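full-length UniProt numbering applies: residue 1 is where the sequence shown begins, and numbers increase by one. Heads up, the beta-carbon is just placed ideally off N, CA and C, and yes, glycines get one too. Please read these numbers as outputs of a predicted model, since none were measured by experiment. Single-structure report; data block below.
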Amino acid sequence: MDSMDPSSLKRAVRLMGRLPTNTVLFSFTTSSSLLAFSFCLFITQCSALTDLPEKPRRRRRKKKKKKKKKKKKKKKKKKKKKKKKERKKERERERSRCYGIKEEKKE
Numbered sequence: 001m002d003s004m005d006p007s008s009l010k011r012a013v014r015l016m017g018r019l020p021t022n023t024v025l026f027s028f029t030t031s032s033s034l035l036a037f038s039f040c041l042f043i044t045q046c047s048a049l050t051d052l053p054e055k056p057r058r059r060r061r062k063k064k065k066k067k068k069k070k071k072k073k074k075k076k077k078k079k080k081k082k083k084k085k086e087r088k089k090e091r092e093r094e095r096s097r098c099y100g101i102k103e104e105k106k107e
C-alpha cells in the first residue's frame, strides 16, 4: 500500500495549477499515488466551479412617498347685520312663539 502525505499532495497540485482557497486536501491511502493525485485534481476542479463570482444583485428602485393632500378649510359665511327694524320684528316673533300667539297675516 502506497500512502501520500498531505504536503506532497499539495505540492503536486500546485505544479498542475493554482489551488482554490476553499479546497480541502486529505491524506489518501490507496494502491497507487496516481489515483490519489487524480482524485485530488477532481476535487480542485469541482471547488473551482463553486468559486465562480455571483451575479451582481439588481438594485431596486425606492418607492416614492405619496404627498398628503392638504384639506381646504371651508370659509364661514359672514352674517349680514340686521337693521334695527328687522331685529325688532324678529324679537316679536320669538315672543309670540313662546306664548303660543299666532302671527296675523297682512292682507
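Worksheet item: Alpha carbon to alpha carbon, how far is residue 189 from Y99?
Response: Because the chain in this structure spans residues 1 to 107, residue 189 falls outside the shown range and cannot be described.
Fill in: Reduced DSSP category for R61 - H, G, I as helix; E, B as strand; rest coil
coil
Practice prompt. Helix, strand or coil for R69, going by three-state DSSP, please let me know.
Written response: Reading off the sequence shown, one finds Lys at residue 69, where the question assumed Arg. Three-state DSSP puts K69 in coil, outside helix and strand.
Worksheet item: Distance, Cα to Cα, K67 vs R95?
Response: 55 Å
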